[in-house]
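Worksheet: the structure to be examined is printed underneath.
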Amino acid sequence: QRSAAAAKEIKTLIGDSVEKVEEGSKQVAEAGRTMDEIVESVKRVTDIMGEITAASQEQTSGIEQINQAITQMDQVTQQNAALVEQASAAAGSLQDQAGQLSRAVRVFKLESASA
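If you're matching positions, the sequence shown starts at 437 in my numbering and goes up one per residue.
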């Protein structure tokens, strides 16, 4: 009887062990699937990060071009302001010269055509 009881207990223990091994195998398989999903997710995140990096570089390049354009516009504006000042000074000088010329011409008297 002891042998039969021991054999039965061993059979029960083996059955429990088999169930636990099967459950462990299922958990390992599930863990493997989960790891595959994690790897895929990491790949997607890496791809997205690459796209973000490329977009950031494009934006940086665009901002640099805008800065260059603004700098050029500022230079042109300053040049235009200087030209306006020069033109204003030249107009004032021409007005002064025209006044002097007008005063100089008044000195001369022209004979009338009837004389």
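Backbone N, C-alpha and C define an ideal beta-carbon position, used for all residues, glycine too. These numbers come from a predicted model, not from an experiment.
Check	Outcome
Specify the secondary structure class of GLN504 as computed by DSSP and reduced to three states.	helix
So, at 8 Å on beta carbons, what are the nonlocal neighbours of VAL464 in its own chain, with the 5 sequence-adjacent residues on each side left out?	none
DSSP three-state call for VAL543: helix, strand or coil?	coil
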